[in-house]
Amino acid sequence: MAILTYREALNQALAEEMERDPDVFLMGEEVGLYNGAYKVSKGLLDRFGEKRVVDTPITELGFAGLGVGAAMLGLRPIIEFMTFNFSILAMDQVFNSAAKVHYMTAGKFKCPIVFRGPTGAALQLAAQHSQALEASYAHFPGLKLATPATPADAKGLLKAAVRDDDPVVIMEGELLYNLKGEVPDDDDYVVPLGVADVKREGTDVSIITHGKMVHVALQAATALEKEGVNAEVLDLRSLRPLDVDAILASVQKTNRVVYVEEGWPYVGIGAQIVDTIQEEAFDYLDAPILRVTQADVPMPYAKMLERMAKPSVERVVAACNRVLYRQTA
Amino acid sequence: MAQTKSARKTSQSGRSSNGRDAGAKKGDALLGLDKGELHAMLYQMLLGRRFEEKSAEAYAIGKIGGFCHLYIGQEAVAVGSIMALRPEDYVITAYRDHVQAMVKGVTPNAVMAELYGRVDGCAGGKGGSMHLYGAEQNFLGGWGIVGGQVPLAVGAGFAIKYREQDSVVLCYMGEAAVNQGAFHESLNMAALWKLPVIFIVENNRFGMGTAWERASSLYDISQKASAYDMPSAVADGMDVIDMRRVTQEAIDRARADGTPTLIEARCYRFMGHSMSDPVHGVYRTKEEVEEQKRKDPITRFIELLKDNELLTDEELKKMDAEILKVCEEAMEFADNSPEPGIEDLYTHVYATEDVHGRLFFDRKNRLEQS
Chain C
156 MAILTYREAL
166 NQALAEEMER
176 DPDVFLMGEE
186 VGLYNGAYKV
196 SKGLLDRFGE
206 KRVVDTPITE
216 LGFAGLGVGA
226 AMLGLRPIIE
236 FMTFNFSILA
246 MDQVFNSAAK
256 VHYMTAGKFK
266 CPIVFRGPTG
276 AALQLAAQHS
286 QALEASYAHF
296 PGLKLATPAT
306 PADAKGLLKA
316 AVRDDDPVVI
326 MEGELLYNLK
336 GEVPDDDDYV
346 VPLGVADVKR
356 EGTDVSIITH
366 GKMVHVALQA
376 ATALEKEGVN
386 AEVLDLRSLR
396 PLDVDAILAS
406 VQKTNRVVYV
416 EEGWPYVGIG
426 AQIVDTIQEE
436 AFDYLDAPIL
446 RVTQADVPMP
456 YAKMLERMAK
466 PSVERVVAAC
476 NRVLYRQTA
Chain Z
4 MAQTKSARKT
14 SQSGRSSNGR
24 DAGAKKGDAL
34 LGLDKGELHA
44 MLYQMLLGRR
54 FEEKSAEAYA
64 IGKIGGFCHL
74 YIGQEAVAVG
84 SIMALRPEDY
94 VITAYRDHVQ
104 AMVKGVTPNA
114 VMAELYGRVD
124 GCAGGKGGSM
134 HLYGAEQNFL
144 GGWGIVGGQV
154 PLAVGAGFAI
164 KYREQDSVVL
174 CYMGEAAVNQ
184 GAFHESLNMA
194 ALWKLPVIFI
204 VENNRFGMGT
214 AWERASSLYD
224 ISQKASAYDM
234 PSAVADGMDV
244 IDMRRVTQEA
254 IDRARADGTP
264 TLIEARCYRF
274 MGHSMSDPVH
284 GVYRTKEEVE
294 EQKRKDPITR
304 FIELLKDNEL
314 LTDEELKKMD
324 AEILKVCEEA
334 MEFADNSPEP
344 GIEDLYTHVY
354 ATEDVHGRLF
364 FDRKNRLEQS
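If you read the sequences in order, they're chains C and Z.
Read left to right, the first sequence gives residues 156 to 484 (my numbering).
Read left to right, the second sequence gives residues 4 to 373 (my numbering).
Given below as structure tokens:
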């Protein structure tokens, strides 16, 4: 085990996978000479050369599609979006090409590609640079999607994605890149897709979440502990495939659920989780499930407005108290 | 605005600015191809024509569903260009893809079965007319979003260069695709990184019902290459020999050092945009279509071969009868192939389904899991 930042863990995963498999290459804006807009690819150009660490023009649709074509011929591209906000320009290639290659060809062609980059809001970047797009990407059959919350998961899930024969989307968090944590040194350390992780054991209420919001949930659980409430935090880690067994196990234990996500509420990830629980664990519920999400508006710039728009520890605590029918001051 | 050096070089290579009116001259008109090669080209053109005539019949009686875009009138483009390839080269195109697939080696049986939506189709009945594929034949499809296949072609070119091979990619698109951003993003990357992709714009004059001059500020499509410092050429898309000559030049450049080329193939669509669209109407007159049919690329090629005493009526008749038999057998094969069943619905969504957790979110899958 070593203590690494989330950024360093991703960098280690990229380097190890490129070392392991010569068909793996990294492509995107500023990934090479500039060492990555968020320095995730630092040092990779020096180590692997221009052939395998490819700086692109600002042409998201073009290089996303290029990656899909290269994957159809058997290469294993890792396509970096500087942020997923810019991936909106590339959605035709991700949704209409990558997600459908294997099905439309009845398995004649595979599409082993990774699309990765940060999702969600940072600080005061306003509406076009602050979007959490997990629900959009989770919507399409043919894609897989994971959202690592810790350095170890960042390494393990990215490595699983590179080794997977399907298109896998890895959504990182801009505000997570400096987060430190223990990361296994093993260059075969893989966190399988579809396996959730109980980040905090609890018995009174399940805070189910993914990505950056895992940390908001953990802070909320700490605050609740002071009030005598023992909250469980379940990090889904993958949104497709989804670890339904882990969700149901947690519901059966606590009988109360709050879902926390960075994206919008309408047709959000939480909506799907609520549907799954009501259909498969209805009798275990002691209260309606509540969701804490971004306000249903484009992200505002002003500091106070942005703060009000984002999910917060206070809102998660309040939601937990409501599903527990607790009177609070 | 002056053209770039490389674009100027090829545009000065003696091409008519209007390929449709350029006639093949006798003497140099056969590119040194022998009788067997020329007959093979005629065979592929006639096969494409007869196959699609049969497809139209099958569509009319409901054997083929959905969208079905016919290539009738444009056969010289696919045949002239693809037959200049080696087997290891790649082809990718849009949704008007039946003839490209067959010339690249996907069998008429597999194509017809796909049009019928049967399990023996080249995409197992999951693609249909617009999404034909051939893995062994290096035929990359078969894509339904206008311009969407163009970045994929550049990706194939990237993979070829990455592996230090000398294959090339032919990427077809209709003229309407050049107004999409994907076209421009792709040409830029292909030229910037010298990727061996030959972009063939099949200018059949109409994007559905919108004539080219109503859709583009620039009439001459080949000039768009100058924006990317890319060689370009105009080919007579109604002349299979001219198509082959122009494509061969581009292939030679691509094999030598990866230089991509933009080819504008001027041709004409004899049929409606798809089987559900009229042949003529508000956007073009019946007279215009009839006028263009007098330049039928197959008739024209037959005349050229006869003029050079390389084809007899007897040989033509025999070839046509053989092709008709192939088409009828393909229809019979398709008819006899089973329809896919419920067991096929969820297969192939993912290459790796052996994962923890749930990939599908509907009742069928839940029942299977319970």
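Don't be surprised by glycine CBs; every beta carbon is placed ideally from N, CA and C.
Item                                                                                                                                                                                              : Value
Measure the CB-CB distance between Z/Leu-198 and C/Ser-252 and report whether it falls below 8 Å.                                                                                                 : no
Mind checking who Z/Asn-206 pairs with in its DSSP beta bridge?                                                                                                                                   : Z/Arg-269
Quick check: the Cα distance between C/Val-452 and C/Ala-309, rounded to an integer number of angstroms?                                                                                          : 29 Å
Between which two residues does the beta strand (DSSP E) harbouring Z/Tyr-175 extend?                                                                                                             : 172-177
Straight-line CA distance for C/Arg-395 to C/Glu-434?                                                                                                                                             : 18 Å
Starting from the C-beta of Z/Gly-261, find all residues in its chain whose C-beta is less than 7 Å away, skip the five residues before and the five after it, and write them out in chain order. : Lys-164, Lys-197, Leu-198, Pro-199
Quick check on the burial criterion: 16 or more other C-beta atoms within 10 angstroms. Buried or exposed for C/Gly-366?                                                                          : buried
Which word fits Z/Ala-62, buried or exposed, when buried means at least 16 other C-beta atoms lie within 10 angstroms of its C-beta?                                                              : Just to set this straight, residue 62 of chain Z is Tyr in the shown sequence, not Ala. Buried, because 16 or more other Cβ atoms sit within 10 Å of the Cβ of Z/Tyr-62.
Residues of chain Z with CB under 7 Å from C/Pro-396, in chain order?                                                                                                                             : Val-358, His-359, Gly-360, Arg-361, Leu-362
Please report whether the beta-carbon of Z/Glu-318 lies at a distance below 8 Å from any beta-carbon of chain C.                                                                                  : no
Is the segment 371-389 of chain C close to the segment 419-433 of chain C, with three or more CB pairs under 8 Å?                                                                                 : no
Using beta-carbon positions only, say whether Z/Tyr-136 and C/Gly-297 come within less than 8 Å of one another.                                                                                   : no
Just checking, does the segment 77-87 of chain Z make contact with the segment 113-127 of chain Z on the three C-beta pairs under 8 Å criterion?                                                  : no
For the segment 221-243 of chain C, which residues have a CB atom closer than 9 Å to at least one CB atom of chain Z, in sequence order?                                                          : Leu-221, Gly-222, Val-223, Gly-224, Ala-225, Ala-226, Met-227, Leu-228, Gly-229, Leu-230, Pro-232
Under 8 Å by Cβ, that's how I've got Z/Arg-376 and Z/Gly-108 pegged, so tell me the actual separation to the nearest angstrom.                                                                    : Because chain Z spans 4 through 373 in this model, residue 376 of chain Z falls outside it and cannot be assessed.
Which whole runs of the alpha helix (DSSP H) in the segment 99-163 of chain Z are 4 residues long or more, in chain order?                                                                        : 101-106, 111-118
Please compile the residues from chain Z whose C-beta is within a distance smaller than 9 Å of the C-beta of C/Thr-364.                                                                           : Near C/Thr-364 there are no residues of chain Z at all, since even the closest Cβ is about 16 Å away, more than 9 Å.
In the DSSP assignment, what are the bridge partners of Z/Gly-261?                                                                                                                                : According to DSSP, which records beta bridges pairwise, Z/Gly-261 is partnered with nothing at all.
Which whole-angstrom value is the C-beta distance of C/Phe-236 and C/Gly-183, which I expect to be below 8 Å?                                                                                     : 7 Å
Any heavy atom of the ligand NAD closer than 7 Å to the CB of C/Ala-276?                                                                                                                          : Summarising the ligand content, the structure contains no ligands, and the ligand NAD is consequently not present.
Assuming contact is defined by CB atoms lying nearer than 8 Å, are Z/Leu-73 and Z/Glu-60 in contact in what I supplied?                                                                           : no
Assuming C/Arg-446 and C/Tyr-414 are in contact, meaning their beta carbons sit under 8 Å apart, how far apart are those beta carbons, in whole angstroms?                                        : 5 Å
Consult DSSP for Z/Ala-238 and reduce its assignment to one of helix, strand or coil.                                                                                                             : strand
Quick check on this structure: which residue in Z/Asp-347, Z/Met-322, Z/Asp-365 has the alpha carbon closest to the alpha carbon of Z/Gly-39?                                                     : Z/Met-322
Z/Val-157 and Z/Met-176 - do their beta-carbons sit closer together than 8 Å?                                                                                                                     : no
State yes or no: is the C-beta of C/Val-360 within less than 8 Å of the C-beta of C/Glu-172?                                                                                                      : no
Using 8 Å as the limit for Cβ to Cβ distance, is C/Tyr-258 near chain Z?                                                                                                                          : yes
Report the option in C/Leu-181, C/Pro-339, C/Gln-286 whose CA atom is closest to the CA atom of C/Glu-461.                                                                                        : C/Gln-286
I'd like to know if Z/Ser-220 contacts chain C, where contact means its C-beta is closer than 8 Å to some C-beta of that chain.                                                                   : no
I'd like to know whether the C-beta atoms of C/Leu-313 and C/Arg-355 end up nearer to each other than 8 Å.                                                                                        : no
List the whole-angstrom C-beta distance separating Z/Pro-263 from Z/Phe-304, where the pair is believed to meet the contact cut-off of C-beta under 8 Å.                                          : At roughly 28 Å, the Cβ-Cβ gap does not stay under 8 Å, so Z/Pro-263 and Z/Phe-304 are not in contact.
Tell me the DSSP secondary structure of Z/Val-352 in three-state form.                                                                                                                            : coil
So what does C/Gly-272 bridge to, in DSSP terms?                                                                                                                                                  : C/Met-326
In the DSSP output, which residue or residues are listed as bridge partners for C/Val-413?                                                                                                        : C/Ile-362, C/Leu-445
Residues bridged to C/Met-182 by DSSP?                                                                                                                                                            : C/Val-209, C/Ile-234
Would you call the segment 157-172 of chain C and the segment 194-205 of chain C touching, i.e. three or more CB-CB distances under 8 Å?                                                          : yes
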